[in-house]
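Q: Below: one structure in structure tokens.
There are 2 protein chains.
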Amino acid sequence: MAMVVQKYGGTSVGNIDRIRNVARRVARCHDEGSQVVVVLSAMSGETNRLVALANEMCELPSEREYDVLVATGEQVTVALLAMCLQSMGYKAKSYLGWQFPIQTDTAHSRARIMDIPDDKVRKDLEEGTIVVVAGFQGVDHGGNVTTLGRGGSDTSAVAVAAALKADVCEIYTDVDGVYTTDPRIVPNATKIEKISYEEMLEMASLGAKVLQIRSVEFAKKYGVVVHVRSSFDDITGTLVMKEDDEMETVLVSGVTYNRDEAKISVKGVPDQPGAAAKLFTPLSEANITVDMIIQNASDGGVTDMTFTVPHADFKKAMELVQKTADAIGAREVAGDETIAKVSIVGLGMRSHSGVASKMFQALSQEGINIQMIATSEIKVSCVVDAKYTELAVRVLHDAFGLAGDKVSAE
Amino acid sequence: MAMVVQKYGGTSVGNIDRIRNVARRVARCHDEGSQVVVVLSAMSGETNRLVALANEMCELPSEREYDVLVATGEQVTVALLAMCLQSMGYKAKSYLGWQFPIQTDTAHSRARIMDIPDDKVRKDLEEGTIVVVAGFQGVDHGGNVTTLGRGGSDTSAVAVAAALKADVCEIYTDVDGVYTTDPRIVPNATKIEKISYEEMLEMASLGAKVLQIRSVEFAKKYGVVVHVRSSFDDITGTLVMKEDDEMETVLVSGVTYNRDEAKISVKGVPDQPGAAAKLFTPLSEANITVDMIIQNASDGGVTDMTFTVPHADFKKAMELVQKTADAIGAREVAGDETIAKVSIVGLGMRSHSGVASKMFQALSQEGINIQMIATSEIKVSCVVDAKYTELAVRVLHDAFGLAGDKVSAE
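Quick note, the sequences are listed as chains A and B, same order. The first sequence begins at 1 in the working numbering and counts up one residue at a time. The second sequence begins at 1001 in the working numbering and counts up one residue at a time.
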């Protein structure tokens, strides 16, 4: 008998009618002969409402109590779905984090799942009960409520699927899969049928927000097949799974972009050991994440360093960098908030050369200047002027033949 | 070191500012050197909101899931209060029903408390931590969330006080104590300084809604001193406690009234064994609670029976009774929805005669006809026409010398 874990996000359980809709979908899966475990998020907006309450209460809410508070969001939806399924004549039972239990470490509001004993739930499933699990929440060894951080319900679902060795973990969302790029920018973007964990991780970290990164890492670690699909129709979505031979033949799977970063250049840095450490230590101490880092070849004893930071941290980063630059005798600090990072991702790059140069050519043909370049085994990223974002994405999507036939190209 | 349990109702924690107010009150009690346990209800309106969600979801919500749903209300307030106390520099920790644990039977939505192991909480208290407990909720032996029924937070508080052998259980509400009668009807009603459990039980069951009946039963069983007081000022309220000699000297402690009942008379019932059983069995099977029952002396082989049922069940009761009346050959069934029950309650009645007749005289002097009479050891109740409710209450309050001097009599 197949076992299916289905996860529904906040939009899919946003009101009573939508929860009824989820119940019908869950029931159908059960009717088709599968054992079904459902993992739910809070109703859309509810977590924000609870967080607002906490922030109104005090400036820095206790992390333990914050978790107790926000965990109520999922508690509401699992109870409602379980009662709906029962009213439809199905056996159903809700499980809160501490009841399953989803055992985590003690890192409140960003807890990591340690263990998921599955005997209680397995017994329910064998008796034909539909199990409805509160996503996002767990319990630590001291019996305290923990939460996994924003988007944690995806991780809950994949972890539960791993623990139960489910055949598939279906992640229902408001889009019907992972696309070759953002369809709002490229109308003929195509849905990807299947994609490897590695590519999905790159896509996710580059800004495609369909799946939470940690859930993909979890799926990769335990080999859980994830099916990303829409809760509003029955169309097959995208399978995220172990790479296979077929995937290797695709040079580029997707084009992504990210406008959430800003660029800082430090020019004329005396080329001495320790200069980089002096620049980046204050940033890391201020919890500012530095993404791309480029150091130009030394030229006459001085070098230029350029890197990107999140937009939100730009001002603070500039202050810290200016201070260090003065201290180490650098010539100039320049910032640029109007940049975008466009990237291509694909397993095929590993075995095929020329992918990066094809990318550079395509951009240059449209007169788009490349300011920074970074590469990994299955990814090439270029920083360009933000005004070229859409153009760059369309050019690359076209250049690597990702366009589908569903919608004619612009 | 004194140990105080403080319970705050929904109005007292109705918004962030009021929770801050509660935090200050709790903190002051802690500053004065007491170990403090706080028991909270949900924000006023929140439980109704959750119940409405359940009713919108399905007609007869699963009791188990209903409890999971409504238990979130108290989870929100305990987290908010604990984080507020922490932000004020106090050690504080929230406890949900399953964390304390408040162990109950499995009767969802009306569970009874079975046991409250107190070692974890006692340890916290000894370390100076303020313990904040979610009222209304518990956990059964199977690890399922249970709730105690409406007003259950009072019971939680008294039960926790009993388990911890606290010195006092303070019930904070929006009135400043138990009054000799409803001050909306009798402006010079006086606050009762102390009242016995037995009297409080009679007052509560007769319609004075300050304390939940089960909490008083619990307090009586374990000898918990309950202090009913207002969360909006510092005035001493009413102590509910074991009776003492002083209480015995008071003939009548309070006058109560209840307009939630209706009267049904069955006339000309053949006076045969089993007639009463035939009348009342269908009512009890339909879960209709019959309150007062009067059977007149048999007169020529037929008798009259009169009884009261809740207003809400009146129509159904009339149908059932009419059916039985026809079957047993009674002459007539008459209903009256415009009645009120006025009652006097007092320990002193046990040792003093003439209290009932004084009541009847007082009513008759105002021309108020008494339709039914029922008595217990410490209570006399009369059913009168509903239009006389206020007049009857004022007359009795006056007759037994309960008026205070705070407000001049009307």
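The beta carbon of each residue, even a glycine, is placed where N, CA and C say it ideally should be.
#1: State the Cα-Cα distance for the pair E1065/B and C84/A, rounded to the nearest angstrom.
#2: Taking A54/A as the reference, give the member of E1170/B, N1015/B, A1027/B with the closest Cα.
#3: Between P117/A and chain B, is there a C-beta pair that is closer than 8 Å?
#4: Can you tell me the Cα-Cα spacing of S34/A and A2/A, whole angstroms?
#5: What residue range does the beta strand (DSSP E) around L239/A cover?
#6: Output the boundary residues of the beta strand (DSSP E) element that contains Y8/A.
#7: Taking only beta carbons into account, state which residues of the stretch 196 to 226 of chain A come closer than 9 Å to chain B, listed in chain order.
#8: Quick one: measure Cβ to Cβ for V228/A and L211/A, integer angstroms, because I've assumed they're closer than 8 Å.
#9: Output the residue ranges of the alpha helix (DSSP H) runs that lie fully inside the stretch 99 to 173 of chain A and measure 4 residues or longer, sorted by chain position.
#10: Alpha carbons only, please: which of V269/A, A82/A, Y172/A is nearest the one belonging to A297/A?
#11: Going by CA-CA distance only, name the one from V1302/B, C1382/B, G1254/B that's closest to P1273/B.
#12: On the three-state DSSP scale, how would you describe H1227/B?
#13: Listing by chain order, which chain B residues have their CB less than 7 Å from the CB of G143/A?
#14: Let's test the definition: count the other Cβ atoms within 10 Å of the Cβ of I1195/B and tell me whether it reaches 16, buried, or not, exposed.
#15: Taking the alpha carbon of R18/A as the reference point, which residue from L81/A, G45/A, A71/A has its own alpha carbon closest?
#16: Under the three-state reduction of DSSP, which class applies to E1377/B: helix, strand or coil?
#17: Closer than 8 Å, CB to CB, is R1394/B near chain A or not?
#18: Roughly how many angstroms separate the alpha carbons of V1345/B and H1352/B, rounded to a whole number?
#19: Classify P1117/B as buried or exposed, calling it buried when 16 or more other Cβ atoms lie within 10 Å of its own Cβ.
#20: Residues of chain A with CB under 8 Å from L1080/B, in chain order?
#21: Got a sec, what are the start and stop residues for the alpha helix (DSSP H) I339/A sits in?
#22: Compile a chain-ordered list of the residues in the stretch 1119 to 1130 of chain B whose CB is closer than 7 Å to at least one CB of chain A.
#23: In the DSSP assignment, find the beta strand (DSSP E) that holds T1180/B and state where it starts and stops.
#24: Using a C-beta to C-beta distance shorter than 9 Å, which residues of chain E count as neighbours of S1044/B?
#25: Please report how far the alpha carbon of M349/A lies from the alpha carbon of V384/A, in whole angstroms.
#26: Let's see if you can read the secondary structure: which residues bound the alpha helix (DSSP H) around T254/A?
#27: Which residues in the same chain have their Cβ closer than 8 Å to the Cβ of V1333/B, if we skip the five residues on either side of it in sequence?
#28: Any chance the stretch 1134 to 1141 of chain B sits against the stretch 392 to 401 of chain A, with 3 or more Cβ pairs inside 8 Å?
#29: Which runs of the beta strand (DSSP E) at least 3 residues long sit entirely within the stretch 31 to 86 of chain A? Give them in chain order.
#30: Run through DSSP, which three-state label would F360/A get?
#31: Who are the Cβ neighbours of A327/A in its own chain at under 8 Å, not counting the five residues just before and after it?
#32: Between the C-alpha atoms of V1393/B and K91/A, what's the straight-line distance to the nearest angstrom?
#33: Under 7 Å Cβ-Cβ, which residues of chain A neighbour S1094/B?
#34: If you count every other CB in all the chains shown that lies within 10 Å of the CB of D234/A, and 16 or more means buried, which is it?
#35: Please confirm if I102/A has its CB atom under 8 Å from at least one CB of chain B.
#36: For L1363/B, tell me which candidate among Y1388/B, R1122/B, I1378/B has the shortest Cα-Cα distance.
A: Walking through what the data contain:
#1: For this step, residue 1065/B is matched to residue 65 along the second sequence. For this step, residue 84/A is matched to residue 84 along the first sequence. Roughly 10 Å separates the two Cα atoms.
#2: Counting from one through the first sequence, the residue named residue 54/A turns up at place 54. Residue N1015/B is the option with its Cα nearest to A54/A.
#3: Indexing the first sequence from 1 puts residue 117/A at position 117. No, because no Cβ of chain B sits closer than 8 Å to the Cβ of P117/A.
#4: Locating residue 34/A in the first sequence gives position 34, counting from the first residue. Locating residue 2/A in the first sequence gives position 2, counting from the first residue. Each residue's Cα considered, the two are about 5 Å apart.
#5: The residue given as residue 239/A occupies position 239 in the first sequence. For L239/A, the enclosing beta strand (DSSP E) has its first and last residue at 238 to 241.
#6: As a position in the first sequence, residue 8/A is number 8, starting the count at 1. First-last of the beta strand (DSSP E) with Y8/A: 3 to 8.
#7: none
#8: Taking the first residue of the first sequence as 1, we reach residue 228/A at position 228. Taking the first residue of the first sequence as 1, we reach residue 211/A at position 211. Right, their Cβ atoms sit about 6 Å apart.
#9: 119 to 126, 152 to 164
#10: If you number the first sequence from 1, residue 297/A lands on position 297. Here the closest residue by C-alpha is V269/A.
#11: As a working note, residue 1273/B is residue 273 in the second sequence. Comparing Cα-Cα distances from P1273/B to each of V1302/B, C1382/B, G1254/B, the minimum goes to V1302/B.
#12: Taking the second sequence and counting its residues from 1, one reaches residue 1227/B at position 227. Note: H1227/B maps to strand in three-state DSSP.
#13: Stepping through the first sequence from its first residue, residue 143/A is reached at position 143. Neighbours of G143/A across chain B, judged by C-beta separation under 7 Å: Q1099.
#14: Position 195 of the second sequence, counted from the start, is the residue given in the question as residue 1195/B. Classification of I1195/B: buried, given that the 10 Å Cβ count is 16 or more.
#15: Position 18 of the first sequence, counted from the start, is the residue given in the question as residue 18/A. Considering only alpha carbons, the answer is L81/A.
#16: The residue you call residue 1377/B lines up with position 377 of the second sequence. Looking at E1377/B - three-state DSSP - the assignment turns out to be coil, as it is neither helix nor strand.
#17: The residue you call residue 1394/B lines up with position 394 of the second sequence. Output row for R1394/B: interface = no.
#18: Position 345 of the second sequence holds residue 1345/B. Position 352 of the second sequence holds residue 1352/B. Distance from the CA atom of V1345/B to the CA atom of H1352/B, rounded to whole angstroms, is 13 Å.
#19: One-based indexing of the second sequence puts residue 1117/B at position 117. So P1117/B ends up on the exposed side.
#20: Position 80 of the second sequence, counting from 1, holds the residue named residue 1080/B. Here the neighbours are L53, A54, M57, E65, L69.
#21: Taking the first sequence and counting its residues from 1, the one referred to as residue 339/A is at position 339. From DSSP, I339/A is part of no alpha helix (DSSP H) but of the beta strand (DSSP E) over 339 to 345.
#22: none
#23: As a first step, residue 1180/B is located in the second sequence; it is residue number 180 there, counting from the start. Segment: none, T1180/B is in no beta strand (DSSP E) and carries neither H nor E.
#24: The chain inventory of the structure shown lacks chain E, comprising the protein chains A and B.
#25: The sequence position of residue 349/A within the first sequence is 349, counting from 1. The sequence position of residue 384/A within the first sequence is 384, counting from 1. Computed Cα separation, rounded: 22 Å.
#26: Locating residue 254/A in the first sequence gives position 254, counting from the first residue. Sequence check: residue 254/A is Gly here, not Thr. No alpha helix (DSSP H) holds G254/A; the beta strand (DSSP E) holding it covers 254 to 258.
#27: For the purposes of this step, residue 1333/B is identified with residue 333 of the second sequence, where counting begins at 1. Closer than 8 Å at the Cβ level, and outside the excluded window around V1333/B, lie I1264, S1265, V1266, K1267, M1318, V1321, Q1322, A1325.
#28: no
#29: 35 to 40
#30: On the first sequence, residue 360/A is found 360 positions in, with the first residue counted as 1. Three-state result, F360/A: helix.
#31: Within the first sequence, residue 327/A is the residue found at index 327, counting from 1. Shown here for A327/A: same chain residues with a beta carbon closer than 8 Å to its own, the five before and five after excluded, namely K278 in chain order.
#32: Here residue 1393/B refers to the residue found at position 393 of the second sequence. Here residue 91/A refers to the residue found at position 91 of the first sequence. Approximately 53 Å between the Cα atoms of the pair.
#33: Translated into the one-based positions of the second sequence, residue 1094/B becomes position 94. Residues of chain A passing the Cβ test: E65, V68.
#34: What you label residue 234/A is simply residue 234 of the first sequence in a count that begins at 1. Exposed is the call here.
#35: Walking along the first sequence from the start, residue 102/A turns up at place 102. Chain B contact via Cβ: absent.
#36: In the second sequence, counting from the first residue as 1, residue 1363/B sits at position 363. The candidate whose alpha carbon is nearest that of L1363/B is Y1388/B.
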